[in-house]
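The structure appears below as structure tokens.
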DNA sequence: TTGTTCGCCTAA
DNA sequence: TGAGTTAGGCGAACAA
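In this note's numbering, the protein residues as written are 2 to 880.
This is the structure in structure tokens:
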């Protein structure tokens, strides 16, 4: 047989239990897309599953073993499912250095049962690493590899099912290329952007009987050298079974890597799954695979029965759907996490991203009367369905969702699937475990660490003084927590525990945190985490340098690529603290998290104190930032002056002083592993006196309005409030308090008279819930008192009116009567004129405005009450 | 009217 | 695949 080789980006990995010459073997099955656009399945031979065992308890001398160790090992060897016990290796553990025996297991699925049995007498390590991941760790590869091997299947030479089975596959896969190889056929290459194929779909369903009325799918292909993607729209009508069959056929023929759609996780995929169950008897695999056999695996009953990564998509957890060889990426979820939109409907998000697209403004089909709509104007419904199958692709493209995930995958060295749908700790596991194994550090099981009791103390937040503050320099610690971890060598493997057999030598320098916890110094024992963080830091520098180079060369795609990569590195670095401060991570200890934050608090409080002692007033500080008064002339203007006006000179002088002071102060307080940077210069800073709520006029390094915490930033606020407050802050920072108060009063008055459109009053909040057995949504699991939650009330009304509602999504509503308790609300229905809102509670909204505006205006002598009434009772100075 | 609790969302 | 963390503001409901 011929050989095949090529560069591929790995989409996902799974394993198959196999037999070779009557002995068990396990095949790693890699699924990827090649650089030139072929879908590839590779069977990798020669890896064996297993786990590691060592003797429980503290160990002072790894060579001192129980007398009956031979007998014990022998009895392990004789256990069912165990192939072999390898020669022991000495590894570091938190109870001393110990001998570790690698127990080779027949098949990965036997591991859970063996774990249960072995843990009675042994300590287990490396015992809960999914076998597919093992391959990435052992070979030290990431998602971008060069792979070569024996060709089993191609367009020219279609594969033979039996021959493929002999290589560990389950039949002929619906892909371009299939090969068989071993560890020597795989090599790391530089990351590249894979020409993924995306498949986006949408269903329209009956309200009356839940059946699928019609469907649409859009395919997107983007070759690496093309600017614009090629899209192809398909529509499906007819009886339900044939719609499902044709959809499935299209998936298998078009062979996409990524399946998307809007809210498919919670609606479209569950619906197809339910309808499949309606049409198929439990054992009727033949029919099931025709209706929903979307996996990139052979269509046979064996693949049908797999619970994960098989032929039929399954919900592996509440988190994501899995199927063989493809990745489900819900455009809703991606849009939510990157955009944090105020509302989450497809219409809202699309209009947000594509404000110039007039088509999006067309009135929707009335989803609450879908059966009627379908009966009377099917072509309109189908058009609407087709559009909704295309939009998710545009959304993903606009927010660069696949490129971001690909960059994360490259940095974390995991398959695309893990970057797209995995957890933060899985990303870290990938880096930490491979380093641990390389350094002979035993890998503990998740959950093996002592539980963290209560919360650890976090960052320090300085009280903020209410009012206006002129000329503020904002100083920030550069990557504060990572720097502390590097600087103090903070790691699971460097923590000094009095009970540990290995102790630092007398007089050895150790890092002592303010909590008293101690860590070895880097020269004696470098931590895994500090090493990884340092490596990530230098990776980021490389990408930033490459960005500059690409920019200079006019290489737009290179610039974008390195920007994605440096951003992904940043994300990874910032994930370390959280994972290591969590209560469950395998390499954690409660002292790690609390030491990091304790060092951080000590650093920042120390600097605040020294600044104050020097007479530099610190106005505010949060965790890693310090807002300090710049010693400018007292008559320095705080609003940018007109060109050529008399204030201009003073303004420039103040700017100059701020730069000098900011840079000098940052430098003066910087230490080797605690670098302070002059990040931002403000000509004016305002807060009403609450922590985490402030605004500033940024004048360096660029001109901007910075707002933190206030209603303008909140997605559960409403537009009149958001817009009004934004305008108020602009005026306040210009020093025009009068105008700000006037604006506040006018806005409140307008709302009071109900002269504002209901659309500007929509409040949107997350509404949780769970599907009950009867198909109804149960709110009581998530809410102590569901009736008391406005968003639940709105959700219930939507359900009652046959309008779509998905637990876990934000829901928009308008308050119609706040006099009653709980207050009455109406869901916002964007398919209807004016959202279907006839009347709103103007007094309620006026009061909300007054409260929010009042907090700001209080600083200038107007209370919320006075704003609401429109005049002031006691006036010291009346405007 | 006031204090407590629940819940959402944000800053870092 | 159950799982990054804590600090903090504030609105609403509800009990007292």
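Just so it is clear, CB atoms sit at the ideal spot from N, CA and C, and this is done for glycine as well.
Treat the numbers as computed from the prediction; the structure is a model and nothing was measured.
Check                                                                                                                                                              : Outcome
Determine the DSSP secondary structure at residue 818, reduced to helix, strand or coil.                                                                           : strand
Tell me the residue span of the beta strand (DSSP E) that contains residue 32.                                                                                     : 24-35
Starting from residue 219, trace the beta strand (DSSP E) both ways and give me its first and last residue.                                                        : 213-222
Check whether the segment 755-763 touches the segment 728-745, counting contact only when three or more Cβ pairs, one atom from each stretch, lie closer than 8 Å. : no
Return yes when the Cβ of residue 800 is within less than 8 Å of the Cβ of residue 778, no when it is not.                                                         : yes
Could you please give the first and the last residue of the uninterrupted beta strand (DSSP E) stretch that includes residue 482?                                  : Looking at the DSSP string, residue 482 is not in any beta strand (DSSP E); the run it does join, the alpha helix (DSSP H), is 481-488.
Is the segment 53-71 close to the segment 89-103, with three or more CB pairs under 8 Å?                                                                           : yes
What's the C-alpha gap between residue 4 and residue 151?                                                                                                          : 4 Å
Please name the residue in 512, 342, 584, 269 whose C-alpha comes closest to that of residue 316.                                                                  : 269
Looking at the unbroken beta strand (DSSP E) that takes in residue 568, where does it start and where does it end?                                                 : Run containing residue 568: none in the beta strand (DSSP E); it sits in the alpha helix (DSSP H), 557-581.
Quick check on residue 16: does DSSP put it in helix, strand or coil?                                                                                              : strand
Given that a residue counts as buried once 16 or more other Cβ atoms are within 10 Å of its Cβ, and exposed if not, what is residue 169?                           : buried
What residues in its chain sit with their C-beta under 6 Å from that of residue 188, if we drop five residues either side in the sequence?                         : 147
Can you tell me which of 162, 180, 181 puts its alpha carbon nearest to the alpha carbon of residue 173?                                                           : 162
State the Cα-Cα distance for the pair residue 673 and residue 229, rounded to the nearest angstrom.                                                                : 47 Å
Note down the Cα distance separating residue 735 from residue 639, rounded to an integer number of angstroms.                                                      : 7 Å
Going by DSSP in three states, residue 123 sits in which element: helix, strand or coil?                                                                           : coil
Specify, as a first and last residue, the run of the alpha helix (DSSP H) that residue 295 falls within.                                                           : Element bounds for residue 295: n/a, residue is neither H nor E.
To the nearest angstrom, how far is the alpha carbon of residue 632 from that of residue 609?                                                                      : 16 Å
Per DSSP, residue 519 forms a beta bridge with which residues?                                                                                                     : 513
Exposed or buried, what is residue 451 when buried is set at 16 or more other beta-carbons lying within 10 Å of its beta-carbon?                                   : exposed
Would you check if the segment 86-100 and the segment 441-448 touch, i.e. whether three or more CB-CB distances between them fall below 8 Å?                       : yes
Assign residue 135 to one of two classes, buried (16 or more other C-beta atoms within 10 Å of its C-beta) or exposed (fewer than that).                           : buried
Pick helix, strand or coil for residue 63, following the three-state DSSP scheme.                                                                                  : coil
Looking at the strands, I want to know which residues DSSP matches up with residue 255.                                                                            : Looking at the DSSP assignment, residue 255 forms no beta bridge with any residue, so it has no partner.
Go ahead and pull the three-state DSSP assignment for residue 690.                                                                                                 : coil
Residue 137 by DSSP, collapsed to three states: which one?                                                                                                         : helix
Within this structure, are the beta carbons of residue 663 and residue 474 separated by less than 8 Å?                                                             : yes
Only counting runs of 4 or more residues, tell me where the alpha helix (DSSP H) segments fall wholly within the segment 342-397, in order along the chain.        : 347-354, 371-377
DSSP three-state call for residue 283: helix, strand or coil?                                                                                                      : coil
Kindly indicate which three-state DSSP category residue 188 falls into: helix, strand or coil?                                                                     : strand
For residue 596, which of helix, strand or coil comes out of DSSP?                                                                                                 : helix
Give the C-beta separation of residue 295 and residue 249 to the nearest angstrom, bearing in mind that I take them to be a contact with Cβ-Cβ under 8 Å.          : 6 Å
Residue 480: buried (16+ other C-beta within 10 angstroms of its C-beta) or exposed?                                                                               : buried
For residue 635 versus residue 652, is the C-beta distance shorter than 8 Å?                                                                                       : no
Using a 10 Å radius around the Cβ and a threshold of 16 neighbouring Cβ atoms, would you call residue 533 buried or exposed?                                       : buried
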